[in-house]
Structure formats: structure tokens, C-alpha cells
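Asks:
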Amino acid sequence: MAIDSELVDCDVVHTSEEARRNTLIKDTMREQCIPNLVESWYQILQNFQYTNSEVTCQCLEVVGAYVSWIDLSLIANDRFINMLLGHMSIEVLREEACDCLFEVVNKGMDPADKMKLVESLCQVLQSAGFFSIDQEEDVDFLARFSKLVNGMGQSLIVSWSKLIKNRDIKNAQEALQAIETKVALMLQLLIHEDDDISSNIIGFCYDYLHILKQLTVLSDQQKANVEAIMLAIMKKLTYDEEYNFENEGEDEAMFVEYRKQLKLLLDRLAEVSPELLLASVRRVFSSTLQKWQTTQFMEVEVAIRLLYMLAEALPVSHGAHFSGDVSKASALQDMMRTLVTSGVSSYQHTSVTLEFFETVVRYEKFFTVEPQHIPCVLMAFLDHRGLRHSSAKVRSRTAYLFSRFVRSLNQQMNPFIEDILNRIQDLLELSPPENGHQSLLSSDDQLFVYETAGVLIINSEYPAERKQALMRNLLTPLMEKFKILLEKLMLAQDEERQASLADCLNHAVGFASRTSKAFSNKQTVKQCGCSEVYLDCLQTFLPALSCPLQKDILRSGVRTFLHRMSICLEEEVLPFIPSASEHMLKDCEAKDLQEFIPLINQIMAKFKIQVSPFLQQMFMPLLHAIFEVLLRPAEENDQSAALEKQMLRRSYFAFLQTVTGSGMSEVIANQGAENVERVLVTVIQGAVEYPDPIAQKTCFIILSKLVELWGGKDGPVGFADFVYKHIVPACFLAPLKQTFDLADAQIVLALSECAVTLKTIHLKREFCQALQQPDAKVFKNYLKVFFQRAKP
């Protein structure tokens, strides 16, 4: 087994050198010792089968491992196979024998030969009584046996595909015949109550359906097989009594995975016969929902689940289930109508409730065809069936699904907007830590409810004044609560209390942020008359930046809000940026700076020249803060500190790239000669000294941009000198470094920016052009002028 894992095991990655060595060893073994080894295995299996099961099982494992690469006739012969079949009847050996036969069946070989091997094996197994599944009580053995049958079925299907490809019609027919004779056994295993046994046969089942999909006409037997698979899937999708919905553990997770496999099978079945699938689901769905009050939860859940699964199984263009094909549309419409009018949303089991809401949202287009059902579904979302359900799990999922439902049907929502906003009022309350009242929804769930409220207001048909009033109603309680909580935080002594207050403040900012998610190019904040409300929010939230307690969480929340506002608002946001920046730059860490820089980049990219005066002012304070953090000494082996510095350095260069790329290079030029030089030197260092290709690439982009902008006659004083003293050498020094590995894709990108820099210098400076002149006198004259200019 050690030789097998060293030479053969596919999970081990080998170098090409090792692979060559392994092939050589295997070839030599085949020539010299494999027949002797196989003979010794046979003797061991025969001599110890009744006296030492441990050794026999180990030996069976060895045979299974070696079968894939040795001459199959050494194993696939009467004496060996008969002995293995004998082991199948010995309790302590049967599982290993089953696995060993599986390896034999799985071996790659000529399709016709493989078919004969599988068929002869099948006959022997069948006559030995192994196909009588219902008489076998050992589920562990059946799981291995199911895997063996799966291997035999899939091997026959591979043979059939190859024979069809080779146009060997006679043998292909025979292979198909062989496959068909295994289907009854496959179905028995698929429907078995033990999910492991069922799961192990799904591959064969899936591939069999793929064959049927390729046949032009199905026989009656094949149609019956499809129907039997359909019924098996429906039965096996059902939860069992033991499933623990409140506290899902490993068994539950395994069933969820198994259900996913069944879903793939259902999708494949839909490709073979969509009509059959639709008819079967409709039959089960209708009969179950007629009597849902007296039916067990798992039956009701699976009926709704099947309707839900049809959405993906029946291929249609996005959401067009209720248009196009009339018979399909009317069947789905009929089922959806039953779902929303049957009262099943009141079923007292979380799995049914959740499946109801999932399905309603999956088929939201139904409500554009039959909008009369919207009010009753909205009520289900809003009352004890949904957002006020006794289970936190249901409330949480419903909060998300409700936001999806409202967003997708915003055209139909207008008549209900104010009613919904009134009904969700109490769910929007910010619950401060001290009142002991347990909120129905977690803060993450509340985010979705705030988003829903925002979507309703913004997408409504109301005039701007009404939208503004509703938005103010939504956000004012948040602002008022925020002011009170911030005061409390300033006075709080206990650290735990400080943390929970800061958490609550952070949620308030997050909720306000989330209401803005519905704005778009068609519905801007300005057009909806909401700019003022959000500016008030900014005014309310910014003081949190100067709070000395819980700095990290408060800064992070306010910064995110500023990001949102710089997207949603126009220049009215700009007056808030300077003071916010000033606070965020006070006693900050690498992480603070790294998160602050993208905000400034975003504002520059959007407002460009408008923010020039502000940038002018904050440019050096920001740089000082960055340099101060970068120069702090750190422990030699502190990996995380080194990484933080590397990320901050990247952010710093990204900032300079945005400044130069947004047409604001004069912001740098106006910082005074000493500061300009300091900045330029850091860019040269970034290009040459740090082995970080991402930063190097950015630095070369900055350099070429500056040469393009300043490299002519009217650049800042001394820049031309800087080009030759520093930029040109950098373009040669960086690629010559040991760390500049040209096999690394990121390094290649840095090199290409380095090339752009040199090209830009060539275009901007006439030195090379003068040097290329054939007449030496031209260059001599040029050189004199060049040095006159270059000298200080």
C-alpha cells in the first residue's frame, strides 16, 4: 500500500521527474514481479479467508489498489473472481470484497471487453442472490454494494458511448440492453430508505437519464423507468421525522447535501421529459394541498418544494414561466394560485412556512399576471407567518425574502406603500442595549427591512415632497436615537457597555446607509427630494468621529456612510469631507489609513477639480500620517505588521495614482519643492526597493503620468533633472533586482509599465532625438543648451 500511495495515488501531485521515475518502476514491476505478487495475493486470500479476516481484508485492499495498472487478466479470471464472490458471502470480508470488485469494474479497457466483464460478473452476483435487496438487512454492506452496482452501470454507459462513437451498432445495442436490465436494481437502491445507499447509485441514474435524452423515441418500458425515477425522487426528497430543524447538526447537513444531488437528478429528468415532470408535480401538489390541514408537514413541504424546483428544472428565459407555452404557463399559474389561496401559509411547521415564502419569491412574475393575490401574500409576510413568526430562523429568512419580493414587484406596490410602512414601523426600532427588550429581528435582518422601506418610498409614484416626508419619517427616529446614544457612550465607564452602545450606533448608521440602496440614475436622491434628509444624517453621524471611545467601530461605520453618500449625493456632500477627514486622520493605525484612502480616491474620481482646494490642504497631513505609520519600528518577525505596512504602501501609491490620473497633479506641484521631492523619492523607492510587484506597477504608472504632464518645458523646476537622475535609472535598476522574477505574471505587468515610462520619457525629452541626428554638430549644439538648462 505504501508503494501504491507513493507511485500511483492520483491525489498526490508529482513533478515530471517523479512521474517519469514512477512509470519506470511500474514498468519494471510489470516485467519482473507482478505475476509473482498476484500469485502470492491469491494464496494469502485463499489460506487466510476463514482464519484471519484482518490480513485477508488488507490483501483485498491491495488487489483493489493495483488492479488499475496491472494486466487485468491476472485478476479478472475464473479462479480469482470466484474467490472474490465467495468472500462476498463471508460477513467479515464482504465489504472489502465489494470494494475490490468495484475497482475491477472501474478499470479502463476496450468497451466490448468491459461489457462482457460486467455482464459475466452480474450474472454470477444475480444467481448468488445479491440482487434481492429487500432481504438484505446490513445497510453498511448495501452501501458498498450500491457503489458497486453504480460502477457497473456507469461502466456500461461509458462502453455504450464509445461504441456509438465507433459506429459499432451491434455491440452498442447489446450494451444498451445490458444497461436496461440493471435499471430495476438501480431503482430498488435509489428508493432505499437509507440515504447513503440511495446516494451511491445517483451517478448511474443520472447517466442513464442522459442516454434517454439522446434517444429519439422512448419505449414504454423506458417511459415507465422515467416515471419510477420521478416517484423515487419525490419520495426521497421528503424529510424524515428525526430531522432537527431548530438545531441542525451533521446528519441534517448530510441530508441537505443529499437533497442537492436529488435536485440535479430532477433537472436531468426534466431534460428527458418536461411534460411528465410537470404532470407528476402537479398531481402530487394538487392532491397534497387539497388536504394540507390533515397532512404531515414533510408531505406538505415536499409538495411545495417540488413546485419551487420546477422553476429551475423547466428551462425558460428569465422569469417567463407565465408567458409563452400555454399549457405549462396555465399549470404553473394554477399551482401558484392554489399555493396562495389554500391557506397553507398558516401551516404550523417552519419548513412549510419557509418553503411557502421561498416559492412565492421564486415565482414573483405570477403576481404581475394575477395582481389580485398581492395583498394576501403581503399580509403573510407581515404577520405571525413571516416577520413576526415565533421562530427566529423564519423571521430572518423572511426579512431577506420580503425585500426581494418588494423590489421585484415595485410597479405593483404603490397602493400598499403607506400600509406596509406603518406595519413595519416597530420592526425598524433601534434596540439600545439597556432596555432589555429583545427585538424580533437581528440587526442584520433589520438592514433588509430598512432597504425594503427605502425601495418602497423611492420607487413609489408619489411626488418628490411626499417621498421626502416619508424618508424623513423613516430616518428621523434613527437620528434622534443616535444623538442620545452618542451622549451615553461619551459618559459610559464600563467597557462592555461602551462596546454595546458603539455597536448600536454603528447599526443606526448602517440602517440609514441601507435605505439609499434603491436610488439609481433614473431615481436620484435629488429628483426624489431627499438630499436634505441625508445631509441631516451626515450632520448627525459625523460627531461620532471625534468620540475617543470605540474609535474603530465608529469610524468604520461613518466612513461606509460617507462612501454611500459620495455615490448618491452631488457636490452638497463636499463641505462635510474636510472635517470628517481631519478626524479620521487623528491618531490612526495602518488599517484606518488603508480604509480611509479609498474614500478620498472615490471623491476625487467623482468630483475631480471641485475637490482640488480640499486636496491641496489635506495632501501633506495625509502623507505625514502615512509616513509616520510606515516608519514605526515593528518586531522583526511580526508577519501581520509587515503585511499591514505593505497594504498601506499600496494604498498610498493608489492614492497618488488617482491624484495624477484625475487631472490634479498640480495638487502635488503646489506642495513646495521640498515636499514634491519627498513624494517623488517615495515613488522611486516603491518602483525599485520593495519586492511588491503590485506597488511597483502602480509606481511606474505614476512616473510615466508625471513625465507626460511635467516632462515638457513647462514642468516644475528641477523635474527634468529628476527624470535623468532618478526615473531613468529606476527603469533599469528595478528589473535588475534579484526579486524581480520575470516568471511572475504580476512582475511582467510591472515591467510593461516600466517600458511605458521609458517610452514616455523618450517622447517628452529631445535628448535622444538630438542624439540620433546624423550630423554631430546638431548634437554638440544641443548638448551645450541642455547643460545650460540642466545646471541650477
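Take the sequence shown: its position 535, counting from 1, is numbered 535 in the working numbering, and each next residue is one higher.
C-beta: ideal position from N, C-alpha, C; glycine also.
Give the straight-line distance between the Cα atoms of residue 178 and residue 135, rounded to the nearest whole angstrom.
Replies: If I take the Cα positions, the gap works out to 24 Å.
Asks: Buried or exposed for residue 207, going by 16 or more other Cβ atoms inside 10 Å?
Replies: Classification of residue 207: buried, given that the 10 Å Cβ count is 16 or more.
Asks: From 312, 712, 282, 589, pick the residue whose C-alpha is nearest to that of residue 330; which is it?
Replies: 282
Asks: Do residue 646 and residue 695 have their C-beta atoms within less than 9 Å of each other?
Replies: yes
Asks: Is it the case that the CB of residue 700 approaches a heavy atom of the ligand HEM more closely than 8 Å?
Replies: This structure does not include the ligand HEM; it has no bound ligands of any sort.
Asks: Can you tell me whether residue 30 is buried or exposed? The criterion is at least 16 other CB atoms within 10 Å of its CB, across all chains shown.
Replies: Around the C-beta of residue 30, fewer than 16 other C-beta atoms lie within 10 Å, and the residue is accordingly described as exposed.
Asks: Report the CB separation of residue 730 from residue 688 in whole angstroms; it is logged as a contact under 8 Å.
Replies: 5 Å
Asks: So, are the CB atoms of residue 684 and residue 727 less than 9 Å apart?
Replies: Taking a C-beta distance under 9 Å as the contact criterion, residue 684 and residue 727 qualify as a contact pair.
Asks: Give the secondary structure of residue 471 by DSSP, where H, G and I count as helix, E and B as strand, and everything else as coil.
Replies: helix
Asks: Given that a residue counts as buried once 16 or more other Cβ atoms are within 10 Å of its Cβ, and exposed if not, what is residue 76?
Replies: Buried.
Asks: Could you give the first and the last residue of the continuous alpha helix (DSSP H) run that contains residue 495?
Replies: Taken as a continuous stretch (DSSP letters only), the alpha helix (DSSP H) holding residue 495 covers 495-515.
Asks: Between the Cα of residue 590 and those of 641, 492, 615, spot the shortest distance and give me the residue it belongs to.
Replies: 641
Asks: Identify whether residue 759 lies in helix, strand or coil by the three-state DSSP scheme.
Replies: helix
Asks: So what's residue 130 in DSSP terms, helix, strand or just coil?
Replies: coil
Asks: Under a three-way DSSP split, which group does residue 69 fall into?
Replies: coil
Asks: Rounded to whole angstroms, what's the CA-CA distance from residue 223 to residue 187? Just pull it up for me.
Replies: 14 Å
Asks: Which one of 632, 549, 644, 610 has the shortest CA to CA distance from residue 595?
Replies: Residue 644 is the option with its Cα nearest to residue 595.
Asks: With a 10 Å radius around its C-beta and 16 neighbouring C-beta atoms as the bar for buried, classify residue 139 as buried or exposed.
Replies: Exposed: under 16 other Cβ atoms inside 10 Å.
Asks: Does the Cβ of residue 592 have 16 or more other Cβ atoms within 10 Å, making it buried, or fewer, making it exposed?
Replies: buried
Asks: What residue from 666, 629, 155 has the CA that sits closest to residue 105's CA?
Replies: 155
Asks: Is it the case that the Cβ atoms of residue 49 and residue 93 are separated by a distance below 9 Å?
Replies: yes
Asks: Between the Cα of residue 732 and those of 424, 199, 752, spot the shortest distance and give me the residue it belongs to.
Replies: 752
Asks: If you draw a straight line from the C-alpha of residue 52 to the C-alpha of residue 46, how long is it?
Replies: 11 Å
Asks: Please state whether DSSP places residue 202 in a helix, a strand or coil.
Replies: helix
Asks: If you draw a straight line from the alpha carbon of residue 318 to that of residue 308, how long is it in whole angstroms?
Replies: Low confidence applies to residue 318: its pLDDT is 44, below 50, so where it sits in the model is not reliable, and the reading given next is rough at best. Near 15 Å, if we compare the C-alpha coordinates of residue 308 and residue 318.
Asks: Classify residue 389 as helix, strand or coil using the three-state DSSP reduction.
Replies: coil
Asks: What's the C-alpha gap between residue 236 and residue 546?
Replies: 60 Å
Asks: Alpha carbons only, please: which of 276, 244, 13, 342 is nearest the one belonging to residue 288?
Replies: Comparing Cα-Cα distances from residue 288 to each of 276, 244, 13, 342, the minimum goes to 342.
Asks: Where do the N-terminal and C-terminal ends of the alpha helix (DSSP H) with residue 236 fall, by residue?
Replies: Boundaries of the alpha helix (DSSP H) around residue 236: 220-236.
Asks: Does the Cβ-Cβ distance between residue 707 and residue 658 come in under 9 Å?
Replies: It is not a contact, given that the beta carbons lie outside the stated cut-off.
Asks: Residue 265: which of 310, 175, 110 sits nearest, CA to CA?
Replies: 310
Asks: Alpha carbons only, please: which of 410, 28, 534, 239 is nearest the one belonging to residue 378?
Replies: Residue 410 is the option with its Cα nearest to residue 378.
Asks: Where do the N-terminal and C-terminal ends of the alpha helix (DSSP H) with residue 376 fall, by residue?
Replies: It spans 374-382 - the alpha helix (DSSP H) in which residue 376 sits, taken as one unbroken run.
Asks: Whose C-beta lies closer than 6 Å to the C-beta of residue 38 among residues of the same chain, with five residues either side of it excluded?
Replies: 74
Asks: Can you check which of these residues, 650, 697, 719, is closest to residue 673 by C-alpha distance?
Replies: If we check each option's Cα against that of residue 673, 719 comes out closest.
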